[in-house]
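Here is the structure we will look at, set down as structure tokens.
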Amino acid sequence: MASVLHKDNVWLKKSVAELRPKNNSVVLDDGSEIKYDLLIAALGLDIRFDMVEGLSEALHLPGICSIYRHDLAEKTYRELQTFSQGNAVFTLPNTPIKCSGAGQKICYLADEIFKKRGVRENIKLFYNTYLPDIFDVPKYAKTLNEIAKQKHIDVSLRRSLKSIDPIKKEAVFDILTEQSKPSGKTVVQRYDLLHVAPPCSPVKPIRECTELLNASGWLAADAATLQSTKFDNVFGIGDCLGTPNKKTSAAVFSQLRALDKNIPAFLSGKKLEGQYNGYSSCPLIVSFNRVVLAEFTPKGPLETLPYDQGRPLYTAYLLKRYVLPTMYWTIGINGHWLGPATVRKILHLRRSS
860 MASVLHKDNV WLKKSVAELR PKNNSVVLDD GSEIKYDLLI AALGLDIRFD MVEGLSEALH
920 LPGICSIYRH DLAEKTYREL QTFSQGNAVF TLPNTPIKCS GAGQKICYLA DEIFKKRGVR
980 ENIKLFYNTY LPDIFDVPKY AKTLNEIAKQ KHIDVSLRRS LKSIDPIKKE AVFDILTEQS
1040 KPSGKTVVQR YDLLHVAPPC SPVKPIRECT ELLNASGWLA ADAATLQSTK FDNVFGIGDC
1100 LGTPNKKTSA AVFSQLRALD KNIPAFLSGK KLEGQYNGYS SCPLIVSFNR VVLAEFTPKG
1160 PLETLPYDQG RPLYTAYLLK RYVLPTMYWT IGINGHWLGP ATVRKILHLR RSS
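Going letter by letter, the sequence shown gives residues 860 to 1212 in the working numbering.
Below, the structure is given as structure tokens:
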């Protein structure tokens, strides 16, 4: 951490225990209290395996895995290298989640691994999502539905994992209404391999600070300025926000562009002119060497590159595999990358000319 912090930052090696916005203070896990003039909440979210009945205590068992925790990601790799026959079931939960495309990315990679090992014909692949389509953005959903069909993946919509029985190897799914609420009906699916994209929630200090929350229980903030709608001297960034964008690192970098303008403006009493447009990106890995580079806002696609990004392409794979990680570590975490907006303008001007 020290290697990526600015020299003027003071790193307190403590966890946040409580937020007290009415007192302009933060309480740390050692009981100490820090006063602030301005608070930028970047607290992320909690991975909540405990929100699926029977799951937490079964994560160590064979045949149950998830890429959403480091140790379980390694376990997932081992499971995919040894699983040889039966039902492989993949899920996406009915909550906001870190990288909502990851649940189907691992499904596509599982298909590739099983083919490489010569066992694919012995395995049935199932993908269960809470969404009314395989992906939120229709343009990319069309492509992904075609890919799922080609790979013989059985896709079930409006389903959210409710509980599991590891003894019977059964997963119980809520059938959701058009409003994404449990309908009261459930469906049981037998599994031999279960990969869970877990429910997520705000971290405890945020979810216990009701003064800061919106109706959904996340940090209430203006979707454009990222300023709290409850306290003027509180801003948010990243996964803790209750804004309508998808929770990805691409979203964070674009949000940083808005905060880069709005924080100095707030401190000097000026109008907040930094505007986040809801941009997010999800490089959807659909094979060992093909990626659908989805870029979008809540309004629809917002693509940067001078080609149709709705197709699975090798060039997009190279970008995902080599360019994006390098950008993250060299210009991302030190604040020099503020999203692709400028690059997009240049490329679009070139295309229009």
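Even glycine gets a Cβ: it sits at the ideal position worked out from N, Cα and C.
Cβ pair residue i, residue j closer than 8 Å
i	j	result
SER1113	GLY1198	yes
THR1156	ARG1203	no
GLY1097	GLY945	no
LEU1206	PRO1165	yes
CYS1068	LEU871	no
VAL1150	LYS1179	yes
ILE906	ARG928	yes
ILE926	ILE965	yes
LYS983	ALA947	yes
HIS1054	CYS924	yes
TYR1176	ASN1193	no
LEU990	ALA969	no
Cβ separation of residue i and residue j, assumed to be a contact under 8 Å, to the nearest whole Å
i	j	result
PRO1171	VAL1145	5 Å
LEU1016	THR988	6 Å
Length of the line joining the Cα atoms of residue i and residue j
i	j	result
VAL886	TYR936	39 Å
ILE1034	PHE985	16 Å
THR1102	GLY977	44 Å
SER862	ILE956	29 Å
LYS1063	ALA1079	15 Å
GLY960	GLN1009	18 Å
LYS998	PRO1160	8 Å
THR1201	LYS1120	15 Å
LEU1071	VAL1014	37 Å
VAL911	LYS866	43 Å
LYS873	ALA901	15 Å
VAL1093	SER1087	5 Å
ASP896	ASN1073	22 Å
ASN981	SER943	7 Å
HIS1195	VAL1182	15 Å
ARG979	PHE1125	57 Å
GLY962	GLY1043	24 Å
GLU1154	ARG1116	17 Å
SER891	ARG1066	20 Å
GLY1191	LEU864	12 Å
LEU1152	LEU1143	6 Å
ASP930	PRO1184	21 Å
ASP995	GLN1038	14 Å
PRO921	ASP888	36 Å
Three-state secondary structure assigned by DSSP to residue i
i	result
LYS1106	strand
ASN987	strand
VAL1150	strand
LYS873	coil
ALA1080	strand
HIS865	coil
GLN1048	strand
SER1212	Reliability fails at SER1212, whose pLDDT of 38 lies under 50, so the model's placement of it is uncertain and no value is given.
THR950	strand
LYS894	strand
GLY1194	coil
VAL1202	helix
Check your understanding: For the stretch 916-930 against the stretch 1019-1027, are there 3 or more C-beta pairs whose distance is under 8 Å?
Key -> yes
Exercise for review: Mind the definition here: the stretch 1051-1065 touches the stretch 948-968 only if three or more C-beta pairs lie below 8 Å; say whether that holds.
Suggested key: yes
Practice item. Kindly confirm or deny that the stretch 1072-1091 and the stretch 1125-1135 touch, where touching means at least three C-beta pairs closer than 8 Å. Key: yes
Practice item. Evaluate contact between the stretch 993-1012 and the stretch 1047-1056, counting only Cβ atoms and requiring at least three cross-stretch pairs below 8 Å. Key: no
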